[in-house]
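Here is the structure we will look at, set down as structure tokens.
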Amino acid sequence: MWFVFETADFSVSEHDGLSGNPSVISAVYLGRQSQKGSNPNEQRRTAVQIIVHPDYNSPVSNDNDIALIKLSSAVTFNDYISPVCLAAANSTFYSGVDSWVTGWGNIGSDVSLPSPQNLMEVKIPVVGNRRCKCSGYKTTDITDNMICAGLLEGGKDSCQGDSGGPMVSKQNGRWIQSGIVSFGIGCAQPNYPGVYARVSQYESWIKAQIATNQPGFMTYTSTGTNSDLSVSCTGVPPIVSPTTTTTTTTTPSTTTTTTTTPTTTTTTTTATTTPTTTANTTTTTSTTKPTTKPLTTTASAAIKLTTTNIIKPTTKATSTSAPSPTTTTTTTSTPRPVACGEAPLNSGSPDGSLSSEGEWPWMASLQKGGKHVCGGTLVSEDKVLTNAICIPEDSDGSEYTVVLGRLKQNGSNPSEQPVAVGNVTRSNLTGSNIALLQLSDKPKLTDYVRPICLDNGRTFPEGSTCWAAGWSSVNGGADKVLLKFQTEVLSCGIDSGNNTFCTGVFTQQQGYSGDPLMCQQEGSWFQVVVLSSAEISTRYKRQAPFMSFEKLDRFQNFLIRSLGSFLTPVIRNGINGTNSTTAAATVAMTTSRATQNPFASVLCLHLLLLAPCLHLLS
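In terms of the numbering used here, the sequence shown has 358 at position 361, counting the first letter as 1, and numbering is strictly consecutive.
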């Protein structure tokens, strides 16, 4: 078979980090099949010039994510090295057009391509830009210079290390490149198709950079109707078809004049996003043999935690003086309001990744049939917050139990309190959702069982320390002890938004759905995010890797309706912390599809024709 990674004199590529300096690319290998094995048909060239698009402005935007690489000398075309045709400016790629993406990137989140690292391919359909904007992305993330492809239910996608690679479609016996792997949210996440630079938008720019032996552009024409035109959502209003109005005017001389005036309605778009929380599966197929079966990586369902906080009543002495010479002292007991965010047994020391008993007293283990299913947090006297994916939509929660005060999933837990779930209330927003579990009884609040405060629009400065906690299905020793991970608040860059929260990268374990990401402020602990089993890496271009989450703010209205009021943070040094109430959202990880060191050996995956486009057959 032929490969679309080679070029004669130029290669077109996604250009994250190239900066126009050819020295960042040590070599370009063409005709390569295996990264570890023998490649008898490969040809090696060096880069002598890199031309980045002048309007590319990372990390502010992923728009115009394209570059040209001039090779040190022309390659020799053969059965293993042939140029691909480029989509011409008038090409149309309707929703559902079959496309193929190839590369040597990861086959799943943090799952490297196994040795000998043969070239992989995956077949995915085009997702129209309107549908793509109505998925999990912000509408401003997707521009006309981009094309989306993948499955909305997840399972097939490009991934880290595939950046710059080609997306091609076949028409009339010729392979035409429609896109260049650019960015996405995680890998193969539901509701987040991959995003590619749309090659057809750059025909004039590419031709302007190459003075002689111009590349071969070919028009790809989709057939049928474009279903994407009927898609609309918040921020993407329906397309209004032109209408014809006929006006008849009668004059005294009985002359009738008919005038036809077409009217057109113009639509504008604004941005809207919701990240997903469902575990993903990435499927790729080796190109070594046509009959090779898909290689699939599946992330197991995540686990949720729930926690409740109790505070003992205080005693108040009241003195009253009667007119008589005697004084009567009456002692009355007044319950102190339940406060949140207090962890008396939390020493504040990192001390490894294993938690100690009572360190995170709001943690809850959602169980079904005696087995841990998800994590959660106690957020009121009788309600536990978790991820909506943990409980099926047709379930009222009666078959579940919440265990509070637990440290070990295997072993003795003298301070734990199991409580049955009475009912479940879901946020039911578009995209990711959370759920509140109504407990059948109020747990007894102790040093081991206490509620956490909910972030209510608080600002946590860059550099602030935050923590994630949860039970892993694979780590935590034989007793499966509650794990903890320290991180810090970072700037979100282009991902910045009212509901976006970014931290340094930490190892999010399998089974972490429903668990909290929490930060301490003014002596109280606040939950900022409800974690999910989403990807940990990010495909957006960044100077340093970080994790991007959606804050609880997105669910604030739901939480206010469901909880009625929010608990008050604990008092420290006589100062009452701000009452915080924000809704927890699921983790949406963003991951650059470029490798962390993408230039040790750059593999050019785009071919620009220097002669008429070859008739390429698979």
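Ideal placement from N, C-alpha and C gives every residue a C-beta, glycine not left out.
- Boundaries of the beta strand (DSSP E) harbouring C499: 497 to 500, taken from the DSSP string.
- Close CB contacts of I78 within its chain, under the 6 Å cut and outside five residues either way in sequence, are with E3, L27, G28, V72 (chain order).
- Contact annotation, Y445 with P566: C-beta distance approximately 19 Å; criterion of less than 8 Å not satisfied.
- Here DSSP, grouped into helix, strand and coil, assigns A185 to coil.
- Taken in chain order, the complete alpha helix (DSSP H) segments of 4 or more residues contained in the region 178 to 227 are 200 to 206.
- For F555, the uninterrupted alpha helix (DSSP H) segment begins and ends at 553 to 560.
- Here T484 is buried. Its C-beta has 16 or more other C-beta atoms within 10 Å.
- If you draw a straight line from the Cα of I144 to the Cα of S562, it is about 45 Å long.
- Look at the region 105 to 168 and you find these whole runs of beta strand (DSSP E), each 3 residues long or longer: 117 to 124, 143 to 146, 163 to 168.
- With a cutoff of 7 Å on beta-carbon distance, L479 and L404 are scored as near each other.
- In the DSSP assignment, N420 falls within the beta strand (DSSP E) that extends over 414 to 423.
- Judged by DSSP in its simplified three-state form, C387 adopts helix.
- With fewer than 16 other beta carbons inside 10 angstroms of its own, S201 counts as exposed.
- Judged by DSSP in its simplified three-state form, L442 adopts coil rather than helix or strand.
- For the options E378, W464, L451, N410, the alpha carbon positioned closest to that of D438 is the one of E378.
- For H369, the enclosing beta strand (DSSP E) stretches over residues 368 to 375.
- When the five nearest sequence neighbours on each side are left out, the beta carbons in the same chain lying within less than 6 Å of the beta carbon of Y91 are those of S219, N223, in order along the chain.
- In the three-state DSSP reduction, L479 falls in the coil class, being neither helix nor strand.
- Put simply, the region 95 to 109 touches the region 160 to 171. At least three CB pairs are less than 8 Å apart.
- About 6 Å separates the beta carbons of L564 and C450, which is inside the 8 Å limit, making them a contact pair.
- For the pair of segments examined, the region 453 to 461 was found not to touch the region 408 to 426: the number of CB pairs separated by less than 8 Å stays below three.
- The closest CA to that of L401, considering only K380, G394, N384, is found on K380.
- Counted as a single uninterrupted DSSP element, the beta strand (DSSP E) harbouring G467 occupies residues 462 to 467.
- Between the region 178 to 195 and the region 126 to 133, the count of Cβ pairs shorter than 8 Å is three or higher; the stretches touch.
- For V72, no pairing in a beta bridge is given by DSSP.
- Counted as a single uninterrupted DSSP element, the stretch harbouring G408 is not any beta strand (DSSP E), since DSSP gives it neither H nor E.
- 7 Å or more divides the Cβ of G151 from the Cβ of Q206.
- Per DSSP, the beta-bridge partners of Q174 are L83, V165.
- For V233, same chain residues with a beta-carbon under 7 Å away, outside a window of 5 residues either side, are R127, K130, C131, T136, T266 in chain order.
- In the three-state reduction of the DSSP assignment, G490 falls in the helix class, which pools H, G and I.
- The beta-carbon separation of L433 and S344, rounded to 30 Å, does not stay under the 8 Å limit for a contact.
- Assignment of beta-bridge partners to V381 by DSSP yields L375, L434.
- Under the three-state reduction of DSSP output, G520 falls in the coil class, being neither helix nor strand.
- A194 sits away from S175, with the two beta carbons spaced by 7 Å or more.
- Here DSSP, grouped into helix, strand and coil, assigns A336 to strand.
- D393 sits exposed, since fewer than 16 C-beta atoms from the chains shown fall within 10 Å of its C-beta.
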